[in-house]
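In what follows, a structure is listed as structure tokens, so that the remarks can point back to it.
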Amino acid sequence: MISCTEFIPAYSELFKYLEARGGRDAVVRFWEYLSDTFLGNLKSAVEKDGLRGCWVYWSHTLNEEAANFTMELDEEAGFFQIDMHRCPSMARLIELNHLEPYQDYCRHCDVLYRRVLEPFGLQCDVDLSRCHEARCSLTVTNRHVNQATTSDPADEGV
Amino acid sequence: MPKETMHRTASDNVYFHRDFHGALSASIDYLHETYGEESVREYLWQFAKAYYAPLTASLESRGLVAIEEHFRKVYELEGGTVRFDLSEDELRIEVDACPAVTHMRRQGYGVARLFRETTGTVNEAICDDTAYRAELVEYDDATGRSVQRFCRREQP
Chain A
580 MISCTEFIPA YSELFKYLEA RGGRDAVVRF WEYLSDTFLG NLKSAVEKDG
630 LRGCWVYWSH TLNEEAANFT MELDEEAGFF QIDMHRCPSM ARLIELNHLE
680 PYQDYCRHCD VLYRRVLEPF GLQCDVDLSR CHEARCSLTV TNRHVNQATT
730 SDPADEGV
Chain B
-13 MPKETMHRTA SDNVYFHRDF HGALSASIDY LHETYGEESV REYLWQFAKA
37 YYAPLTASLE SRGLVAIEEH FRKVYELEGG TVRFDLSEDE LRIEVDACPA
87 VTHMRRQGYG VARLFRETTG TVNEAICDDT AYRAELVEYD DATGRSVQRF
137 CRREQP
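Residue numbers (our numbering), protein chains in the order written: chain A, 580 to 737; chain B, -13 to 142.
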């Protein structure tokens, strides 16, 4: 049996296996499949509660994954952000001395979540520039709210 | 509604996200559907050879007690009823219901048709190139109930 605490190395090794079989495209196709078939919880949460659905979804997963993070939700400003101070997945991979993480491991988060969120009109920005340190950020903004709050006051009432 | 903030450090929680079992199952189904049955075994074999290399080394140097210790930890963490029977040349592990399958059934996740390979192929790969071999004696796809056997390879 593979424990759920051993899933992350299994996941990383799967990316390597897929890349060896079909190149980078094969890895991305798998991420898209997983997004479509496995992120129903996130999709239904956002469908029901909009940006708050992100808060609800990640409150559950990030706590179970014992992540070191700061999460912010400002519904009036149409803003949600996860500032990941230490990603539990990448941190585990870095700590394994006998296994190299898949070279673009962290990209899966960008592909998986963007694919769920953007169809709801939410903009998804992922900063992976420090992912080699197990740090990253995910910012989700509601374009409609942002447009309304940043529009020219002169336009109001038109 | 005012701005809300949540801050957590790693020590605030225990690392135990059971839904990863569902993600592994979905991954196995994907491989099965996209590349065929043998790709599932090939991938799990490669993963197990790489990830469990320290366990394989421990099996070589310490014998079957290394396997027993490993799986005791896994099943203590994951839960479920498990019996271990270790003798000098054989280890039998009887699992009443696989905790991963139990979780997936409870949550309504599909269980991959080849999910049994996460036990069978993985155990075989752990034993590869050692004096021991693994055998999945029984496995029930509905519950993950299993009898797993590790024993010395027959001498040529």
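From the three backbone atoms N, C-alpha and C, an ideal C-beta is built for every residue, glycine too.
Only residues of its own chain outside the window of five on either side were considered, and among them Tyr681 have a CB closer than 6 angstroms to the CB of A:Lys595, listed in chain order.
Take the alpha-carbon of A:Arg608 and the one of A:Arg693: they are about 14 angstroms apart. For the segment 598 to 651 of chain A, the continuous alpha helix (DSSP H) assignments of 4+ residues that do not extend past its boundaries occur at 619 to 628 and 630 to 643, in sequence order. Counting only Cβ-Cβ distances below 8 angstroms, A:Arg600 has contacts in chain B at Tyr21 and Ser25, in chain order. Within a 10 Å sphere around the beta-carbon of B:Arg102 sit 16 or more other beta-carbons, which makes this residue buried. With fewer than 16 other CB atoms across the displayed protein chains lying within 10 angstroms of its CB, B:Gln93 is exposed. What A:Glu611 touches in chain B, judged by beta-carbon distance under 9 angstroms, is nothing: the nearest beta carbon there is about 10 angstroms away.
Interface criterion met: the Cβ of A:Tyr596 is under 8 angstroms from a Cβ in chain B.
A:Met669 is outside the set of residues whose beta carbon lies under 8 angstroms from a beta carbon in chain B. Between A:Glu643 and B:His3, the gap from beta carbon to beta carbon is short of 8 angstroms.
B:Gln134: not part of any alpha helix (DSSP H); member of the beta strand (DSSP E) spanning Ser132 to Arg138, first to last residue. When A:Glu585, A:Glu592, A:Lys627 and A:His723 are compared, the shortest CA-CA separation from A:Phe658 is found for A:His723.
Here B:Asp5 is buried, its C-beta having at least 16 other C-beta atoms within 10 Å.
With the criterion set as a beta carbon lying under 8 angstroms from some beta carbon of chain B, the members of the segment 634 to 652 of chain A are Trp634, Ser638, Thr640, Leu641, Asn642, Glu643, Glu644, Ala645, Ala646, Asn647, Phe648, Thr649, Met650, Glu651 and Leu652, in sequence order. For a cut-off of 8 angstroms, the C-beta gap from A:Cys715 to A:Cys666 is around 6 angstroms, short enough to register as a contact.
Here A:Asn721 carries a strand assignment [DSSP, helix/strand/coil]. In terms of beta-carbon proximity, B:Ser13 lines the interface with chain A, with at least one pair separated by less than 8 angstroms. Bounds of any beta strand (DSSP E) do not take in B:Glu23; it lies within the alpha helix (DSSP H) bounded by Glu23 to Tyr37. In this structure, the alpha-carbon of A:Cys710 lies about 46 angstroms from that of B:Asp75. For B:Leu77, the closest of B:Val133, B:Gly8 and B:Thr(-5) by C-alpha to C-alpha distance is B:Val133. Following the DSSP letters along the chain, one finds A:Tyr692 in no beta strand (DSSP E) but inside the alpha helix (DSSP H) bounded by residues Arg686 to Leu696.
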